[in-house]
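Per the working numbering, the very first residue in the sequence shown carries number 299; after that it's consecutive. Backbone N, C-alpha and C define an ideal beta-carbon position, used for all residues, glycine too.
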Amino acid sequence: MSSYQVVKGARDIFPDEMVQWNYVEEVICRLAGVFGFNEIRTPVFEYTELFQRSIGASTDIVGKEMFTFCPDGSERSITLRPEMTAGVMRAVLQKNLFASAPVQKLYYISELFRKERPQAGRQRQFTQFGAELLGASSPAAVAEVIMFMMQVFGELGLDGLRLRINSLGSADDRRRYREELRSYLAPHYGMLDQASRERFEKNPLRILDSKNPDMQEIVSGAPKLHEHLGDEARRDFDQVLGYLAGRGIDFSIDHLLVRGLDYYSYTAFEVSCTALGAQDALGGGGRYDSLALELGSPKEVPAAGFAVGMERLLIAMQKQRLLPEAVPPGPEVFIIVPQQEFFDHAFDIAARLRSAGIGTTIDLAGRSMKAQLREANRMRAASALFVGGDELASGLFPLKDLASSAQEALSLDAVIGRLRHASIIKTRQP
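Right under this line is the structure:
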């Protein structure tokens with residue numbers, strides 16, 4: 299046993315759990331294809347100013363949660379990515395992908411890093427899946443990213459979901475509202491907690507999203523953002539709601555919903571799940587047309603997207619008993635070698651089976667035939683193939699179905715044909 303332990307805030311994912319992760323990821327990737335999203339992968343670190351400009355200096359992420367350092371010999375700091383949207387937008391602008399297609403639909407399943415207090419479903423290294431629809435932020439585009447997210451949840455069978463949605467209005471709407479909100483909060487300043495006092499000057503809208511019950515009581519009487527929306531923002535929001543309602547997607551309007559990143563505008567949304575308890579946020583997103591400007595683009599790039607925490611998603615599925623059995627799939631065939639002097643011949647046969655696309659395992663520890671059979675059953679192998687002196691001499695190899703114990707001696711070509719056929723049938727099963 300090693301004296302070293304995994305770093306606090308990170309965790310190992312072992313093969314049995316990977317069965318469940320792979321199941322969820324396969325659903326995500328399949329539905330991404332259905333909606334026309336292509337996968338993108340970006341570096342795990344970016345220059346720090348990318349996140350300072352995009353996420354916003356007033357956010358907890360930039361102020362408290364980023365892992366930032368300077369590489370040797372460099373004065374320019376880099377940061378382990380705390381979110382994906384800024385990096386995706388940076389990559390698209392740098393590559394000038396819009397020259398090849400005016401609308402880019404991209405998705406990811408990626409590791410992120412935040413300096414948070416570790417707890418269930420919230421680690422310092424964690425995984426998100428998400429999508430970014432760049433080049434269009436019409437009500438239909440916003441509705442489409444929400445539909446993609448909700449169809450993933452539906453395909454996985456999740457229950458107890460609540461989709462909350464709000465309009466943050468245009469930049470001018472928010473500018474006017476911020477001043478009114480500050481005027482309302484000023485007499486209450488002495489009652490604000492430390493986090494809200496910091497937000498008072500930088501971005502008072504974030505106070506609306508405080509989880510502190512005392513702050514919630516204060517903001518309950520605050521002027522409402524939706525009362526300060528311009529006609530354009532109202533029309534846009536109504537159209538988004540119409541698209542969702544027309545597709546049977548349930549939602550509730552939450553006028554206090556403010557996403558934790560400064561780049562959002564117009565529609566913002568968040569999904570919670572009752573299975574997660576008090577910390578019930580599963581994911582969310584919104585529209586962010588001005589992000590490209592913050593990253594140096596000469597013009598706005600209409601955009602909308604979402605992100606969902608994979609760890610939280612898996613916890614919710616586990617509590618609702620929606621995950622497959624956490625057992626790695628067994629090989630299609632386990633080669634049994636009764637006499638070790640014939641191991642090299644058996645090893646060659648294993649290579650031939652694998653070349654034919656057949657999942658094959660062979661004992662590498664030189665164990666007895668009885669122990670090899672036990673191992674084949676422990677691994678849940680479908681079949682056992684016996685390779686010994688008599689088999690090599692006759693060219694006929696006993697193939698045993700480990701579920702039924704039925705056994706038949708076949709030529710190697712016939713063995714390959716039988717196993718490939720069984721593999722095809724298994725793959726076609728739902």
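In the DSSP assignment, Gln423 falls within the unbroken beta strand (DSSP E) covering Gln423 to Leu432.
Nearest to Val556 by C-alpha distance, out of Ser465, Gly655 and Gly385, is Ser465. For the 7 Å CB-CB criterion, Val443 and Leu431 form a contact.
For Cys327, the enclosing alpha helix (DSSP H) has its first and last residue at Pro313 to Phe333. The C-alpha of Ile353 is placed about 24 Å away from the C-alpha of Ala308. For Thr658, there is no enclosing alpha helix (DSSP H); the enclosing beta strand (DSSP E) has its first and last residue at Thr658 to Ile660. Where Pro696 is concerned, there is no enclosing alpha helix (DSSP H), although the beta strand (DSSP E) around it starts and stops at Phe695 to Asp699. Separation of Gly467 and Ala566 (C-alpha to C-alpha, rounded to the nearest whole angstrom) is 10 Å. The three-state secondary structure of Asn675, taken from DSSP, is helix.
DSSP lists no beta-bridge partner residue for Leu621.
For Ser595, there is no enclosing alpha helix (DSSP H), as DSSP marks it with neither H nor E. For Leu395, the CB contacts under 7 Å within the same chain, skipping 5 residues up- and downstream, are Gln402 in chain order. Counting only the Cα atoms, Val599 lies some 12 Å from Arg388.
Put simply, of Arg480, Ala624 and Tyr321 the residue whose alpha carbon is nearest the alpha carbon of Glu499 is Arg480. DSSP, reduced to helix, strand and coil, places Val569 within a strand of the structure shown. A contact is defined here as three or more CB-CB pairs under 8 Å, and the stretch 609-628 meets this definition with respect to the stretch 311-328.
Annotated three-state conformation of Leu454 is helix, per DSSP. At least 7 Å separates the beta-carbon of Leu378 from that of Val325.
Three or more Cβ pairs closer than 8 Å define a contact, and the stretch 582-590 falls short of that threshold against the stretch 607-615. Just measuring C-alpha positions, the residue of Asp512, Ala602, Arg652 and Gln392 sitting nearest Asp491 is Asp512.
Closest by C-alpha distance to Gly419, out of Ile551, Glu496, Gln616 and Ala663, is Gln616.
Boundaries of the beta strand (DSSP E) harbouring Ser408: Gln402 to Phe411, taken from the DSSP string. Closest in alpha carbon position to Gln618, among Ile633, Gly657 and Thr572, is Thr572. Look at Tyr564 here: in three-state DSSP terms it is strand. Shown here, Phe632 sits in a strand according to DSSP, grouped into three states. When C-alpha distances from Met364 are compared across Phe549, Arg422, Ala330 and Leu391, the shortest belongs to Arg422.
Taken through DSSP and simplified to helix, strand or coil, Tyr345 comes out as strand. If you check the CB distance, Gln350 and Ala605 do not come in under 7 Å. Taking the C-beta atoms as reference points, Pro521 is found no nearer than 7 Å to Tyr487. By the C-beta density criterion, Asp661 is buried, having at least 16 other C-beta atoms within 10 angstroms. By DSSP's assignment, Phe684 forms a beta bridge with Ile634.
Among the bridge pairs identified by DSSP, Phe535 is matched with none. In this structure, the beta-carbon distance from Leu708 to Leu690 does not fall below 7 Å.
Residue environment analysis places Arg472 among the buried positions, since at least 16 neighbouring C-beta atoms fall within 10 angstroms of its C-beta. Rounded to the nearest angstrom, the gap between the Cα atoms of Gln392 and Val440 is 24 Å. Between Val631 and Leu694, the C-beta gap is not smaller than 7 Å, which leaves the two residues out of contact.
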